[in-house]
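Student: So the sequence lines, in the order shown, correspond to chains A and B.
Under the numbering used here, the letters of the first sequence match residues 6 to 348, in that order.
Under the numbering used here, the letters of the second sequence match residues 13 to 128, in that order.
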Amino acid sequence: MGTTVTTAKSEGKTWGGGNEPMGASYGKLMMWFFIVSDALTFSGFLAAYGFSRFKFIETWPLPDEVFNHFPFMHGVNAPMYYVALMTFILIFSSVTMVLAVDAGHHLKKGKVAFYMFLTIIGGLIFVGSQAWEWKNFIKGEYGAIETKGGSLLQFVDNTGKRVKLEEFAAILPEERVQDTRDKGIWFSSEGSLPTYSVAEIQAGFKAHPELLIRTEVLYEGTKENKEDKRLHPTLNTKKKHKTILTREESEAMLANAHYVVEGANLTRNEYGSKLFADFFFFITGFHGFHVFSGVIINIIIFFNVILGTYEKRRSYEMVEKVGLYWHFVDLVWVFVFTFFYLV
Amino acid sequence: MSHEHVSNTKRIWMVFGLLSVVTTVEVILGILKPESLHMNNFLSMNLLNWIFIILTIYKAYYIVWAFMHMEGEKSSLRWSVVAPVIFLILYLVFILLVEADYIYEVFKNATIKWNF
Chain A
6 MGTTVTTAKS
16 EGKTWGGGNE
26 PMGASYGKLM
36 MWFFIVSDAL
46 TFSGFLAAYG
56 FSRFKFIETW
66 PLPDEVFNHF
76 PFMHGVNAPM
86 YYVALMTFIL
96 IFSSVTMVLA
106 VDAGHHLKKG
116 KVAFYMFLTI
126 IGGLIFVGSQ
136 AWEWKNFIKG
146 EYGAIETKGG
156 SLLQFVDNTG
166 KRVKLEEFAA
176 ILPEERVQDT
186 RDKGIWFSSE
196 GSLPTYSVAE
206 IQAGFKAHPE
216 LLIRTEVLYE
226 GTKENKEDKR
236 LHPTLNTKKK
246 HKTILTREES
256 EAMLANAHYV
266 VEGANLTRNE
276 YGSKLFADFF
286 FFITGFHGFH
296 VFSGVIINII
306 IFFNVILGTY
316 EKRRSYEMVE
326 KVGLYWHFVD
336 LVWVFVFTFF
346 YLV
Chain B
13 MSHEHVSNTK
23 RIWMVFGLLS
33 VVTTVEVILG
43 ILKPESLHMN
53 NFLSMNLLNW
63 IFIILTIYKA
73 YYIVWAFMHM
83 EGEKSSLRWS
93 VVAPVIFLIL
103 YLVFILLVEA
113 DYIYEVFKNA
123 TIKWNF
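Laid out in structure tokens, this is it:
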């Protein structure tokens, strides 16, 4: 295993191998350059996200309305708390990792193993939290309507509070069976159907005169906004909040309804712009995959530490290399956190 | 190993404290969204977002310098890692965001209505 750690004394032999012009071993240097390329991959994704966001700047979903769940606090509006907790978990697992590296420099096998173990636990908790976050995102809470034009309508009551579809949808005596390959033609099938049909939502809306529609568009409080007769005269009080329509305009908009959206998938999501869910799944998914691979690699290194592989080598540099990767994953999360949840 | 290692556990915990404080500040600002920051723009982005981005870069600096131990590396390694990343990201972000804003304007001023 002498090839992984270069410790050869090579003074006076420039081309004799074993040289470290950057003061780092081959493995460590390559880990740094892998991190550079991976950082550019993530920046590409985040920049593409920024592109779509700037392109649809007026209609992009507001993150504190989307990510407001916390375990065991059902129905409580808790924006950002959960994701802040996840951030702390990841930063803390970074700390235990760097403590493991530090203990490795002093060849303290027991301490390295202990801190590696804590790092693995932290990583697992993080991946688990992300799964829970995804579950909430996919399930959705309020539901929405997509119009023929492709824009999204959400429902509020006359105080501006969000209303769930199940709270007002009418139950109509209609039966629409999901088309599957064993029921219809062998080559045709469709995804699972929404709980309510468009007609049921429209009927329910008609029966509840206090309901209003909230569009995707942000209210900016400009002169045109204030003169616009279609906007609700009293409910649009705050700038940079979604615009609420008058009852007449709401009815007119709902006549264009075309599809009931519940939760999120790669085609539609109840939060707003269709691209929002795509980017959420792709970027947090890609990051979660990195965390997962990091945990696997950490486990391998952990067992190597336990077995004494690095003790025999008299060098814990392998721990340092996976440490670099692990910190990088934390570094990416810091940016994902900012651009998905804060900005 | 080429360089001497002294235990820097103290510094690690200090950096952890710093990162936690910065994250807490970010979350508090994100929940409160103070009007004076959220509604005032600088270079077509509101001040709150500028604060978030600057704090994020501040955190990134500490993660790379202290946790990834970049401060202990030779400056040739430091530059060959940091310089390409910073240059390429600035370049990419500049082009994409300017283009996106242009497309937004095109959509907004178009005779065809797209959000209905």
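Every residue, glycine too, gets a C-beta built ideally from N, C-alpha and C.
1. Does any C-beta atom of chain A lie closer than 9 Å to the C-beta of B:Leu104?
2. Just how far apart, CA to CA, sit A:Gly7 and A:Ile301?
3. Does any CB atom of chain A fall closer than 9 Å to the CB of B:Ser14?
4. In or out: B:Met13 buried (at least 16 other Cβ within 10 Å) or exposed?
5. How would you write the range of the beta strand (DSSP E) that A:Ala262 sits in, first residue to last?
6. Could you compute how far the alpha carbon of A:Ser193 sits from the alpha carbon of A:Met85?
7. Which residues in chain B sit within 8 Å of A:Phe93, going by Cβ to Cβ distance?
8. Residues of chain A with a CB under 7 Å from the CB of B:Glu83: which are they?
9. Measure the CB-CB distance between B:Met82 and B:Val97 and report whether it falls below 9 Å.
10. Along the segment 113 to 125 of chain B, where does the CB come closer than 7 Å to a CB of chain A? Name the residues.
11. Taking 9 Å as the threshold (C-beta atoms), are A:Val117 and A:Tyr330 in contact?
12. Buried or exposed: A:Glu180, going by 16 or more other Cβ atoms within 10 Å of its Cβ?
13. Quick check: the Cα distance between B:Val105 and A:Phe173, rounded to an integer number of angstroms?
14. Listed in chain order, which residues of the segment 55 to 89 of chain B have Cβ atoms closer than 7 Å to some Cβ of chain A?
15. Output, in chain order, the set of chain A residues within a Cβ distance shorter than 7 Å of B:Leu43.
16. Can you list, in chain order, the stretches of the alpha helix (DSSP H) that have 4 or more residues and sit fully within the segment 156 to 225 of chain A?
17. Which residues bound the beta strand (DSSP E) around A:His246?
18. When the Cβ atoms of the segment 263 to 273 of chain A are set against those of the segment 40 to 60 of chain A, are three or more pairs found closer than 8 Å?
19. Sort A:Leu34, A:Phe93, A:Pro66 by Cα distance to B:Leu30 and report the nearest one.
20. Would you verify that the beta carbon of A:Arg5 is, or is not, closer than 9 Å to some beta carbon of chain B?
21. Could you name the residues of chain B that A:Phe340 contacts, counting a contact when the two beta carbons are closer than 8 Å?
22. Please report the residue range of the alpha helix (DSSP H) in which A:Glu151 lies.
23. Quick check on the burial criterion: 16 or more other C-beta atoms within 10 angstroms. Buried or exposed for A:Met258?
24. Within 10 Å of its beta-carbon, does A:Tyr315 have 16 or more other beta-carbons around it, so buried, or fewer, so exposed?
25. Determine the DSSP secondary structure at A:Met78, reduced to helix, strand or coil.
26. Give the range of the alpha helix (DSSP H) segment to which A:Glu322 is assigned.
27. Where do the N-terminal and C-terminal ends of the alpha helix (DSSP H) with A:Thr350 fall, by residue?
28. Between which two residues does the alpha helix (DSSP H) carrying A:Gly127 extend?
29. What does DSSP give as the partner residue(s) for B:Asn58 in the beta ladder?
30. Is any beta-carbon of chain A found at less than 9 Å from that of B:Leu100?
31. Does the beta carbon of B:Leu108 sit closer than 9 Å to a beta carbon anywhere in chain A?
32. Starting from A:Ala269, follow its DSSP beta bridges and name the residues at the other end.
33. Would you say B:Pro96 faces chain A, with C-beta separation under 9 Å as the test?
34. Please name the residue or residues paired with A:Leu236 in a DSSP beta bridge.
35. Examine chain B for any beta-carbon lying closer than 9 Å to the beta-carbon of A:Thr343, and answer yes or no.
36. Check whether chain D comes within 9 Å of B:Asn52, counting only Cβ atoms and requiring the distance to be less than that.
Tutor: Well, looking at it:
1. As a first step, residue 104 of chain B is located in the second sequence; it is residue number 92 there, counting from the start. Closer than 9 Å to some Cβ of chain A, the Cβ of B:Leu104 qualifies, so yes.
2. The count along the first sequence starts at 1 and reaches residue 7 of chain A at position 2. The count along the first sequence starts at 1 and reaches residue 301 of chain A at position 296. Confidence at A:Gly7 is low in this model, with a pLDDT of 42, below 50, so its placement is unreliable and the value that follows should be read with caution. When only Cα atoms are considered, A:Gly7 and A:Ile301 end up about 24 Å apart.
3. Residue mapping note: residue 14 of chain B aligns to position 2 of the second sequence, counting from 1. For B:Ser14, the predicted structure reports a pLDDT of 43, less than 50, and the residue's modelled location is therefore unreliable. The matter cannot be settled from this model.
4. Here residue 13 of chain B corresponds to residue number 1 of the second sequence, with the count starting at 1. At B:Met13, the pLDDT of 42 sits below 50, so the modelled position is not reliable; the number obtained from the coordinates is stated separately. Classification for B:Met13: exposed.
5. If you number the first sequence from 1, residue 262 of chain A lands on position 257. Looking at the DSSP string, the run of the beta strand (DSSP E) that includes A:Ala262 is 262 to 266.
6. Numbered from 1 along the first sequence, position 188 holds the residue referred to as residue 193 of chain A. Numbered from 1 along the first sequence, position 80 holds the residue referred to as residue 85 of chain A. About 42 Å.
7. Residue numbering aside, residue 93 of chain A sits at position 88 when the first sequence is read from its first letter. Correct list: Ser32, Thr35.
8. As a position in the second sequence, residue 83 of chain B is number 71, starting the count at 1. Near B:Glu83 there are no residues of chain A at all, since even the closest Cβ is about 13 Å away, more than 7 Å.
9. Position 70 of the second sequence, counted from the first residue, corresponds to residue 82 of chain B. Position 85 of the second sequence, counted from the first residue, corresponds to residue 97 of chain B. For the pair B:Met82 and B:Val97, the CB atoms are not nearer than the 9 Å cut-off.
10. For the segment 113 to 125 of chain B, which is checked against every Cβ of chain A, the residues closer than 7 Å are Asp113, Ile115, Tyr116.
11. Looking up residue 330 of chain A in the first sequence gives position 325. Looking up residue 117 of chain A in the first sequence gives position 112. No, these two residues do not count as a Cβ contact at 9 Å.
12. For the purposes of this step, residue 180 of chain A is taken as the residue at position 175 of the first sequence. A:Glu180 comes out exposed.
13. The sequence position of residue 105 of chain B within the second sequence is 93, counting from 1. The sequence position of residue 173 of chain A within the first sequence is 168, counting from 1. So the two alpha carbons sit approximately 44 Å from each other.
14. So the close ones are Asn61, Phe64, Ile65, Thr68, Lys71, Ala72, Ile75, Val76, Phe79, Met80, Glu85, Lys86, Ser88, Leu89.
15. As a working mapping, residue 43 of chain B is identified with position 31 in the second sequence. Note that residue 43 of chain B is Ile in the sequence shown, not Leu. Pro84, Met85, listed in chain order.
16. Within the segment 156 to 225 of chain A, the complete alpha helix (DSSP H) segments of 4 residues or longer fall at 203 to 212, listed in chain order.
17. Counting from 1 along the first sequence, the entry for residue 246 of chain A is found at position 241. For A:His246, the enclosing beta strand (DSSP E) begins and ends at 246 to 249.
18. The segment 263 to 273 of chain A vs the segment 40 to 60 of chain A: no contact.
19. For the purposes of this step, residue 30 of chain B is taken as the residue at position 18 of the second sequence. Across the set A:Leu34, A:Phe93, A:Pro66, the C-alpha of A:Phe93 shows the shortest separation from the C-alpha of B:Leu30.
20. Lying outside 6 to 348, the shown extent of chain A, residue 5 of chain A is not represented and no answer is given.
21. In the first sequence, counting from the first residue as 1, residue 340 of chain A sits at position 335. Those are Thr68, Ala72, listed as they occur along chain B.
22. The sequence position of residue 151 of chain A within the first sequence is 146, counting from 1. No alpha helix (DSSP H) contains A:Glu151, which is instead part of the beta strand (DSSP E) from 149 to 152.
23. On the first sequence, residue 258 of chain A is found 253 positions in, with the first residue counted as 1. Answer is buried; the Cβ neighbour count reaches 16.
24. Translated into positions along the first sequence, residue 315 of chain A becomes position 310. Answer is buried; the Cβ neighbour count reaches 16.
25. The residue you call residue 78 of chain A lines up with position 73 of the first sequence. The answer is coil: DSSP assigns A:Met78 none of H, G, I, E or B.
26. Numbered from 1 along the first sequence, position 317 holds the residue referred to as residue 322 of chain A. Note, A:Glu322: alpha helix (DSSP H), 322 to 341.
27. There is simply no residue 350 of chain A to check, as chain A begins at 6 and stops at 348 in what is shown.
28. Reading the first sequence from its first residue, position 122 is the one you call residue 127 of chain A. That run of the alpha helix (DSSP H) goes 114 to 144.
29. By 1-based counting over the second sequence, the position of residue 58 of chain B is 46. Paired residues: B:Asn53.
30. Against the second sequence, residue 100 of chain B aligns to sequence position 88. Chain A places a beta carbon closer than 9 Å to that of B:Leu100, counting this residue as a contact.
31. In the second sequence, residue 108 of chain B corresponds to position 96, counting from 1. Yes, B:Leu108 lies at the interface with chain A (some Cβ there is under 9 Å from its Cβ).
32. For the purposes of this step, residue 269 of chain A is identified with residue 264 of the first sequence, where counting begins at 1. Answer is A:Asn274, bridged to A:Ala269.
33. For the purposes of this step, residue 96 of chain B is taken as the residue at position 84 of the second sequence. True, the Cβ-Cβ gap to chain A drops below 9 Å.
34. Within the first sequence, residue 236 of chain A is the residue found at index 231, counting from 1. DSSP output for A:Leu236 lists A:Leu250 as bridge partner(s).
35. For the purposes of this step, residue 343 of chain A is identified with residue 338 of the first sequence, where counting begins at 1. Among the CB atoms of chain B, one or more fall inside 9 Å of the CB of A:Thr343.
36. Checking the listed chains, one finds no chain D in this structure; the protein chains it contains are A and B.
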